[in-house]
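Under my numbering, the first residue of the sequence shown is numbered 22, with each subsequent residue one higher.
Below you'll find the structure, written out as structure tokens, and then a few comments.
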Amino acid sequence: MENPVLIQKAPRRHKSAIPLFLFHDGGGTVLPYYFLESLNRNVWGISYPHLNDGGTFERGIKGMGELYAGYIRGKVSRGKVLLGGWSAGGSIAIQVAKCLENIPELCVAGIVLLDTPFPDFPDWRPKNSPPVQFHIPVAPDQTAKSRLAQQQAVNDIIHALSVWELPTWENGRRPPPAVFIRALKVVPTEKVVEVVEVDWFREEYALGWQRYPYNFIIEELRVDGDHFSIFTPSYHITGFQAEQQHSNLGFMKRHHQNTRINVLHVEVGTVLNFNLEEAWQLVMP
């Protein structure tokens with residue numbers, strides 16, 4: 022398995038655009054990112070390396086962060102990078118940012134959190150809350166052993182996230198500035214009273230990330246879909262439409278520590294498309 026894999030190659034006229042590294046979700050794959058419109062930059066996907074062999078990370082999310090930071094340094098030796106991920110991938114992005122914090126040659130210009138729930142278990146957690154079901158691609162000739170290894174990978178990722186201690190930032194430092202993309206709808210369930218784990222903080226700003234005491238999220242953007250549907254074609258737009266709407270995104274120049282809530286109703290393609298690095302430059306101190 023190639024890791025990282027180049028999901029999108031930057032067009033010639035955008036060769037200087039900051040590359041974006043997107044991390045796997047709880048299912049271990051980067052499949053959803055192939056549904057994104059062109060982002061006019063190199064977009065790399067990092068999958069769970071033990072997806073097919075049944076291996077595990079002894080140090081959980083921290084171990085993943087260290088390994089994935091090494092992957093990034095193998096592709097970009099110096100300069101700026103953007104990190105991001107959907108669902109669990111957003112949490113991994115924060116850990117990777119921490120691992121790259123003291124690498125002088127690399128600067129994490131920003132983070133994109135795609136509907137990443139805050140990794141906390143509230144006191145009111147439902148006893149019978151249905152588990153998150155991640156789609157695992159199955160090849161026609163896939164063996165039962167391989168399928169078992171994939172399911173083990175899912176279990177390991179979810180467990181690692183449940184025991185993960187979020188990184189701390191000292192001496193006045195904080196995580197890189199982040200844009201949060203939040204789905205507006207809850208995941209449909211068979212029973213009205215059921216709430217899946219990804220929706221525990223659905224009505225809260227940035228799905229509960231205000232509990233992380235660093236005030237690093239500079240924008241919340243809303244998408245009309247649920248946690249699993251935001252990558253379907255109905256929530257994508259063409260590159261031309263994204264370019265037309267990009268100037269209206271409303272990114273405002275302000276100091277990172279003076280974050281204001283600026284909620285915008287946009288689509289995933291709009292948020293990630295066209296000159297994303299310019300938006301980060303506006304919010305950096």
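Ideal placement from N, C-alpha and C gives every residue a C-beta, glycine not left out.
When DSSP reads this structure, Val102 sits in a beta bridge with Val129. Gly100 sits away from Ala114, with the two beta carbons spaced by 7 Å or more. Assignment of Trp65 by DSSP, reduced to helix, strand and coil, places it in the strand class. Burial of Ile238 is indicated by the presence of at least 16 other C-beta atoms within 10 angstroms of its C-beta. For the 7 Å CB-CB criterion, Arg80 and Ala31 do not form a contact.
By alpha-carbon distance to Lys96, the top candidate from Leu41, Arg223 and Gln171 is Leu41.
Of the other Cβ atoms in all chains shown, 16 or more fall within 10 Å of the Cβ of Gly49; this residue is therefore buried. Between Pro188 and Gln116, the beta carbon gap of about 6 Å places them in contact (Cβ cut-off 8 Å). The three-state reading of DSSP puts Phe56 in helix, counting H, G and I together. Nearest to Leu52 by alpha-carbon distance, out of Leu169, Leu27, Gln231 and Leu205, is Leu27. Boundaries of the beta strand (DSSP E) around Leu27: Val26 to Gln29. Rounded to whole angstroms, the Cβ separation of Ile67 and Asn24 is 6 Å, and the two are in contact under 8 Å. The Cβ atoms of Tyr54 and Leu72 do not sit closer than 7 Å to each other.
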